[in-house]
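Worksheet: the structure to be examined is printed underneath.
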Amino acid sequence: MLPGLRGALLDVGCGEKPYAKWTTGITCYVGIDTVSRGADVLVGNHEEWPFADNTFDAVLCTQVMEHVDDVGRLLSEITRVLKPGGNLVLTVPFAYNEHDAPRDFWRFSAHGARRLLEQGYDIDVLKSQGAIGSTCGLLCLNWIDASLGQTRVGRFLKGVMLPVWIVVSLVINLIGSFVDYLDRTDSFYSNVLVIARRR
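For the sequence shown, position 120 matches number 120 in UniProt numbering, and the numbering has no gaps at all.
Pasting the structure below:
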């Protein structure tokens, strides 16, 4: 899952640390978050992290930046604790519904992600993820889920109709994947992956 990462890794916005089991080669896995019970370290949004400069060999930050009001400060702390030559693995959404309100502030294109890291990082991988079919499918499924979740009846139906929901999700995802296969553009996507090295 996270090839090439070695040594001490900091998972920023770790939640329940879902990536911990996929990190072979990591000798120390530390999770930091503002609220999660799964975190090893809890911090406030604007606090300096309790780590010395150049502590970590790698930093993982997945689907977090859109929830941080001061992205520059977050990136500054990441850079401070990451060793020179260390790897930053970053994912950010581009086309995605509003979520975790009211803490949903930003969306990043591939160009925006590059611009974010151009000072202080060499980018090894910059990849958009998903295409028009899977992006529309994702938004459609999220819309259905959110619409059903707004009323007591909708929530009941969602629970009762779980087998139907699974089939509908599968069909929408299959259609989305087929449309992705036909898509020859590169400007319709849901997510951006960046792997960068600190200078």
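A virtual CB, placed ideally from N, CA and C, is assigned to each residue, including glycine.
Item                                                                                                                         : Value
Beta-carbon contacts of Leu117 that lie in its chain and below 7 Å, excluding the five residues immediately before and after : Ile123, Val194 and Ala196
Coil, strand or helix - Tyr181 by DSSP                                                                                       : helix
Member of Arg155, Gly86 and Thr62 whose CA lies at the smallest distance from the CA of residue 204                          : Absent from the structure is residue 204, since the part of the chain shown begins at 1 and ends at 199.
Neighbourhood of Leu90 by C-beta, 6 Å cutoff - its chain only, sequence neighbours within 5 removed                          : Cys61 and Val194
Cβ pair count under 8 Å reaching 3, the region 44 to 61 against the region 80 to 88                                          : yes
is_contact[Phe108, chain D] using C-beta, thresh 8 Å                                                                         : Looking for chain D here will not work: only one protein chain is present.
Which listed residue (His67, Gly7, Lys21 and Val43) has its alpha carbon closest to that of Arg103                           : His67
Proximity winner among Gly130, Thr27, His99 and Asp145, relative to Ala110 (alpha-carbon distances)                          : Gly130
First and last residue of the uninterrupted beta strand (DSSP E) at Ser128                                                   : Tyr121 to Gln129
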